[in-house]
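Written out below as structure tokens is the structure these notes cover.
Residue numbers (the numbering used here): 3 to 128.
Next comes the structure, spelled out in structure tokens:
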């Protein structure tokens, strides 16, 4: 790490120093061997300046955060309906999360899309 990095922060190119190091073959931690594997990822824990980044320190950041207002979308054949909802749980792209429809106050389940939209599963209303 080029500087001290806080847990939960998203790694940028400036946060990473590239250095050659000797790595023992029996180490359970897999080092980050290419900057592109780290940039854009979220740190699970704080990392002191100069510490080698390992793959188990990294996580994919949330696409949708808990309590975030999201666009809910339902698609049934050629019919597309959109409305707003409040995410009841955070999620990454591809995760199934509960969302409360702001108008009806009903909870539905949907899949988080890369743009933050939640694609509602038909018949998931509670």
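We put the CB at the ideal spot given by N, CA and C, even for glycine. What you are looking at is a predicted structure, and each value in this text was computed from that prediction instead of being measured.
Starting from the N-terminal side, write out each stretch of the beta strand (DSSP E) that is 3 residues or longer and does not extend beyond the segment 94-118.
Entirely contained in the segment 94-118, the beta strand (DSSP E) runs reaching 3 residues are, in chain order, 98-103, 109-114.
Would you mind stating whether residue 74 and residue 101 have Cβ atoms separated by less than 8 Å?
Taking the chain shown and counting its residues from 1, the one referred to as residue 74 is at position 72. Taking the chain shown and counting its residues from 1, the one referred to as residue 101 is at position 99. Yes, the Cβ-Cβ distance between residue 74 and residue 101 is below 8 Å.
Are there three or more Cβ pairs, one per stretch, closer than 8 Å when the segment 78-85 is compared with the segment 60-69?
Contact fails: fewer than three Cβ-Cβ distances are below 8 Å.
Alpha carbon to alpha carbon, how far is residue 104 from residue 1? Give it in angstroms, no decimals.
This structure cannot speak to residue 1, because the chain is shown only from 3 to 128.
With 16 other CB atoms within 10 Å as the buried threshold, where does residue 123 fall?
The residue labelled residue 123 in the question sits at position 121 within the chain shown. Classification for residue 123: exposed.
How is residue 41 classed by DSSP in three states: helix, strand or coil?
Along the chain shown, one-based indexing puts residue 41 at 39. In the structure shown, residue 41 sits in coil (DSSP, three-state: anything other than H, G, I, E or B).
Using CA coordinates, which residue listed in 63, 32, 19, 33 is at the minimum distance from residue 51?
The residue labelled residue 51 in the question sits at position 49 within the chain shown. The candidate whose alpha carbon is nearest that of residue 51 is 19.
Helix, strand or coil: how does DSSP classify residue 73 here?
Your numbering for residue 73 matches position 71 in the chain shown. Strand.
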